Ligand SMILES: NC(=O)c1ccc[n+]([C@@H]2O[C@H](COP(=O)([O-])OP(=O)(O)OC[C@H]3O[C@@H](n4cnc5c(N)ncnc54)[C@H](O)[C@@H]3O)[C@@H](O)[C@H]2O)c1
Ligand SMILES: O=c1ccn([C@@H]2O[C@H](COP(=O)(O)OP(=O)(O)O[C@H]3O[C@H](CO)[C@@H](O)[C@H](O)[C@H]3O)[C@@H](O)[C@H]2O)c(=O)[nH]1
């Protein structure tokens with residue numbers, strides 16, 4: 001199959017490299033020349049485990065020739081299907097901002113106007129139910145002067161990969177959701193996904209585009225709420241002096257609960273949970289429905305960094321004192337700091353007049369753009385030296401391995417938001433939920 005992919009970020013580049021690896025001929029279309037040049041040089045434009053190898057295998061000088069990139073939308077004309085992997089950010093009121101999708105649909109439709117053969121467009125971006133059918137398809141029809149279902153197909157295929165394990169998640173998914181409103185579009189989606197379905201044995205969910213769109217929000221809403229529920233339970237455990245991790249291990253033995261996403265602590269961050277829960281809440285309110293559970297999930301998540309800071313306040317007044325923040329990325333394995341819990345933690349420290357010194361193995365450059373006026377150091381030891389408190393925000397391996405490094409602190413108060421550090425003599429240790 002010849003596949004074009006509009007948007008070459010976390011999702012678009014991963015999907016393109018994986019499809020090339022599965023034997024398809026793939027072209028990435030992106031407005032960013034640097035990203036396009038990187039791919040054509042055989043280099044991954046983002047940091048994802050296993051991605052550099054795949055891009056090097058299929059694009060660049062000694063490649064299989066199955067992956068290339070361009071800024072020119074005309075490249076879609078030489079392909080059979082187009083995946084749209086563009087950003088779907090939020091407006092100030094939390095609702096979805098579809099303007100990037102709309103502009104791209106217009107450009108794609110105008111390009112497809114000159115194609116005589118059938119073509120299928122598949123929305124992979126996370127979009128509110130009805131967006132593909134009521135917004136994207138009419139723009140494609142108007143710009144191409146063609147009719148969906150007769151001249152071209154439209155599908156919706158939500159993506160469930162996680163940052164940090166994107167290549168693995170894409171190649172070995174728990175499920176593949178194929179949403180289509182016409183038979184031919186569904187056939188094209190199968191033609192692209194068959195090698196993946198065969199290799200991974202993943203169950204396929206066949207549905208319409210609106211349901212496919214909702215499945216993505218339900219998936220993320222459920223996972224975000226699951227973490228908030230274990231955080232709520234964890235906060236109660238802490239009040240009773242009970243270890244929430246021991247409780248979580250026990251409830252995980254119930255198949256109906258399962259063991260994943262039961263790590264309580266400073267809460268969820270990242271590019272998706274916040275914007276997707278906000279977008280589906282806003283959409284629900286537009287339908288006059290009050291999404292009480294999702295509201296609560298967000299409220300609990302916002303509370304966790306405040307609880308971390310107040311546990312620190314119980315032991316030390318940090319005004320004018322040095323405080324180490326260990327971990328800045330929203331989770332280990334990525335340099336992404338979008339909605340990282342480190343942001344409210346640093347804001348809280350600054351509000352207390354603390355001198356903040358931050359460490360992260362890969363995310364410092366990104367955080368420097370957010371906070372110019374704090375100190376960044378290359379090692380956890382440097383952050384801890386002469387510190388009056390240490391706050392653990394991301395459970396990187398080099399942070400969980402810390403031990404005697406805490407001896408260099410002036411006042412050894414350690415408040416752990418990720419259950420990364422072992423309690424031991426010589427430090428005043430507070431776990432957020434244990
Ligand atoms: N990041 C994730 O882990 C993840 C997982 C599942 C789903 N999603 C969803 O997938 C979508 C894409 O997310 P992402 O994280 O890959 O975004 P991203 O910001 O990493 O990448 C988007 C890319 O689109 C390019 N772009 C912007 N406007 C363009 C245009 N008009 N034409 C061509 N290219 C253009 C940008 O240059 C960028 O490279 C979003 O809807 C997101 O919610 C993301
Ligand atoms: O038990 C847990 C599990 C995760 N987290 C936190 O939750 C956040 C999100 O983690 P994760 O889901 O692993 O990362 P994402 O890359 O944001 O992936 C989510 O968002 C993507 C974008 O929509 C979806 O595709 C994925 O399925 C979904 O897991 C991070 O801050 C984690 O530290 C916890 O606090 N406790």
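Numbering (UniProt numbering), first residue to last: 1 to 434. Note that CB positions come from ideal geometry on N, CA and C, so glycine has one too. All of these numbers come straight from a predicted model, not from anything done at the bench.
{"Check": "Which term fits residue 175, buried or exposed, when burial requires 16 or more other beta carbons within 10 angstroms of its beta carbon?", "Outcome": "exposed"}
{"Check": "Please name the residue in 351, 125 and 194 whose C-alpha comes closest to that of residue 87.", "Outcome": "125"}
{"Check": "Quick one: does the C-beta of residue 163 sit closer than 7 Å to a heavy atom of ligand 4?", "Outcome": "In the structure shown, ligand 4 is absent; the only ligands present are ligand 1 and ligand 2."}
{"Check": "Is residue 49 near ligand 1, judged by its Cβ being under 7 Å from some heavy atom?", "Outcome": "no"}
{"Check": "Do residue 263 and ligand 2 come close, with the Cβ less than 7 Å from some heavy atom?", "Outcome": "yes"}
{"Check": "At a threshold of 7 Å, does residue 18 count as lining ligand 2 (C-beta to nearest heavy atom)?", "Outcome": "no"}
{"Check": "My parser needs the alpha helix (DSSP H) runs of 4 or more residues fully inside the segment 45–114; what are they?", "Outcome": "51–58 and 99–112"}
{"Check": "Which residues in the same chain as residue 272 place their Cβ atom closer than 8 Å to its Cβ, once the five residues preceding and following it in sequence are excluded?", "Outcome": "126 and 220"}
{"Check": "Counting Cβ pairs closer than 8 Å, one from the segment 353–373 and one from the segment 320–332, do we hit at least three?", "Outcome": "yes"}
{"Check": "Express the C-alpha separation of residue 106 and residue 59 in angstroms, rounding to a whole number.", "Outcome": "29 Å"}
{"Check": "Return helix, strand or coil for residue 362, following the three-state DSSP convention.", "Outcome": "coil"}
{"Check": "Taking 7 Å as the cut-off, is the beta-carbon of residue 126 closer than that to any non-hydrogen atom of ligand 1?", "Outcome": "yes"}
{"Check": "Under the rule that 16 or more other beta-carbon atoms within 10 Å means buried, what is residue 379, buried or exposed?", "Outcome": "exposed"}
{"Check": "Does any heavy atom of ligand 2 sit closer than 7 Å to the C-beta of residue 269?", "Outcome": "yes"}
{"Check": "Would residue 300 and residue 228 qualify as a contact pair, given that the criterion is a beta-carbon distance under 8 Å?", "Outcome": "yes"}
{"Check": "Run the proximity test for residue 435: is its beta-carbon closer than 7 Å to any non-hydrogen atom belonging to ligand 1?", "Outcome": "What is shown of the chain runs 1 to 434, which leaves residue 435 out entirely."}
{"Check": "Using only the heavy atoms of ligand 1, determine whether one of them is closer than 7 Å to the beta carbon of residue 442.", "Outcome": "Given a span of 1 to 434 for the chain in the structure shown, any question on residue 442 remains unanswerable."}
{"Check": "Can you name the residues that DSSP bridges to residue 119?", "Outcome": "152"}
{"Check": "Leaving aside the five residues before and after residue 83 along the sequence, list all residues of the same chain whose C-beta is less than 6 Å from its C-beta, in chain order.", "Outcome": "5, 122 and 124"}
{"Check": "Are the beta-carbon atoms of residue 8 and residue 69 separated by less than 8 Å?", "Outcome": "yes"}
{"Check": "What are the boundary residues of the beta strand (DSSP E) that residue 322 is part of?", "Outcome": "322–326"}
{"Check": "Give the list of continuous alpha helix (DSSP H) stretches no shorter than 4 residues that lie fully inside the segment 146–220.", "Outcome": "166–171 and 183–200"}
{"Check": "Can you round the beta-carbon distance between residue 218 and residue 316 to whole angstroms, since I take them to be within the 8 Å contact cut?", "Outcome": "That belief does not hold up - the Cβ atoms of residue 218 and residue 316 are roughly 43 Å apart, past 8 Å."}
{"Check": "So, does the segment 167–185 touch the segment 151–159, judging by three or more C-beta pairs under 8 Å?", "Outcome": "yes"}
{"Check": "Ends of the alpha helix (DSSP H) at residue 423?", "Outcome": "Per DSSP, residue 423 belongs to no alpha helix (DSSP H) and is neither H nor E."}
{"Check": "Opposite residue 376 in the DSSP bridges: which residues?", "Outcome": "358"}
{"Check": "Per the contact definition of three or more C-beta pairs closer than 8 Å, is the segment 46–61 in contact with the segment 14–25?", "Outcome": "yes"}
{"Check": "Residue 264 and residue 231 look like a contact to me (Cβ under 8 Å); what is the Cβ gap, rounded to whole Å?", "Outcome": "5 Å"}
{"Check": "Cβ-heavy atom distance between residue 40 and ligand 2 below 7 Å?", "Outcome": "no"}
{"Check": "Beta carbon of residue 85: closer than 7 Å to some heavy atom of ligand 2?", "Outcome": "no"}
{"Check": "So, for residue 151: in the same chain, excluding its five sequence neighbours on each side, which residues have a beta-carbon less than 8 Å away from its beta-carbon?", "Outcome": "118 and 144"}
{"Check": "Any chance the CB of residue 272 is under 7 Å from a heavy atom of ligand 1?", "Outcome": "yes"}
{"Check": "Can you name, in chain order, every residue of its own chain whose Cβ lies under 8 Å from the Cβ of residue 397, other than the five neighbours on each side?", "Outcome": "332"}
{"Check": "Can you list, in chain order, the residues of its chain whose CB lies under 8 Å from that of residue 33, leaving out five sequence neighbours each side?", "Outcome": "71"}
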